[in-house]
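In full-length UniProt numbering, the protein residues as written are 1 to 240.
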């Protein structure tokens, strides 16, 4: 079972009390790829944490006091330190817990900047085709937009992983969009990826699916498909 696989808090709910044994709280939504980024880092660093899911269509008033923007993800520690926006949360965790599977090299500011820039470039290429396929449909234009984005990302790879020979910040920050591609293909009943066209990305996806952090935070394609159809954040769960 995925950590945090619990219903979302909505309008009229009361804020849950903090758990002393889990000093890190992540405000999330089960299917949000940006929150998924932070769950991946937490799992990769093997940190204990609590998840509080928010119903983003019917947000509780108390959450707007926690984060006036009303967005997820947001990290909160037991001393009321708060960090929001997914890459900020991920970088904060990586720096604070730098003795646990470091992702961004502290001693190499250029490599650090290069990784963060690569995240922005890859996300910029894949996010819009990804969303169009879910919301608008799999016409030829949308299918080819994703395939072209994957062509360009494949050309950027510098090793078996996106930025080299091992998992880095880049891999974890963009994985949520790649994890959902098989579900999009199933939802739209099309095939948009192939080992022949994208051999390096195909191999990378295989490597990533073997990562413990990915396995601990992944949902099966069928559950994503149900969410794409219903847009119900609590798909597969009973509500509060």
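Built from N, CA and C at the ideal position, the CB exists for glycine as well.
Note that this is a predicted model, so its numbers are computed, not measured.
(message) Short of 7 Å in beta carbon distance, which residues of its chain neighbour residue 231, apart from the five on each side in sequence? Order them along the chain.
(response) Taken in chain order, the list of residues that qualify is empty.
(request) Whole angstroms is fine: what's the gap from residue 84's alpha carbon to residue 226's? (result) Between residue 84 and residue 226, the C-alpha separation is close to 28 Å.
(message) Going by DSSP, what residue range makes up the beta strand (DSSP E) through residue 143?
(response) No beta strand (DSSP E) holds residue 143; the alpha helix (DSSP H) holding it covers 140-156.
(message) Pull the bridge partners of residue 164 from the DSSP assignment, please.
(response) Bridge partners of residue 164: 161.
(message) Among 153, 100, 134, whose alpha-carbon lies nearest the alpha-carbon of residue 190?
(response) Out of 153, 100, 134, 134 has the C-alpha closest to the C-alpha of residue 190.
(request) Throw me the rounded Cβ distance for the residue 40 and residue 214 pair, which I believe falls under 8 Å. (result) In this structure, residue 40 and residue 214 form a Cβ contact; the two beta carbons are roughly 7 Å apart against a cut-off of 8 Å.
(message) residue 81 and residue 11 - do their beta-carbons sit closer together than 8 Å?
(response) With respect to residue 81, residue 11 sits apart: the two C-beta atoms are not nearer than 8 Å.
(message) I'd like the list of long-range same chain contacts for residue 237, defined as Cβ closer than 6 Å, with 5 residues on each side in sequence excluded.
(response) Sequence-distant Cβ neighbours of residue 237 in its own chain, meaning closer than 6 Å and more than five residues away, are 7.
(request) Evaluate contact between the segment 147-166 and the segment 90-110, counting only Cβ atoms and requiring at least three cross-stretch pairs below 8 Å. (result) With a cut-off of 8 Å, the segment 90-110 and the segment 147-166 do not count as touching, because too few Cβ pairs lie within range.
(request) Return the first residue and the last residue of the alpha helix (DSSP H) that residue 41 is part of. (result) Counting along the chain, the alpha helix (DSSP H) containing residue 41 begins and ends at 33-44.
(request) Write down the C-beta distance between residue 241 and residue 78 rounded to the nearest angstrom, noting that I regard them as a contact closer than 8 Å. (result) This structure cannot settle anything about residue 241, because the visible part of the chain is limited to 1 through 240.
(request) Would you identify the three-state DSSP class for residue 56, choosing helix, strand or coil? (result) Residue 56: coil per DSSP, three-state reduction.
(message) Let's see if you can read the secondary structure: which residues bound the alpha helix (DSSP H) around residue 187?
(response) From DSSP, the alpha helix (DSSP H) with residue 187 extends over 181-188.
(request) State yes or no: is the C-beta of residue 69 within less than 8 Å of the C-beta of residue 29? (result) Taking 8 Å as the Cβ cut-off, residue 69 and residue 29 do not qualify as a contacting pair.
(request) Give me the Cα-Cα distance between residue 22 and residue 50, rounded to the nearest whole angstrom. (result) Between residue 22 and residue 50, the C-alpha separation is close to 6 Å.
(message) Can you confirm whether the segment 204-211 touches the segment 155-169 when touching is taken to mean that 3 or more C-beta pairs between the two stretches lie within less than 8 Å?
(response) Touching, yes, given that three or more Cβ pairs across the two stretches are closer than 8 Å.
(request) Identify every residue that forms a DSSP beta bridge with residue 82. (result) DSSP lists 76 as partners of residue 82.
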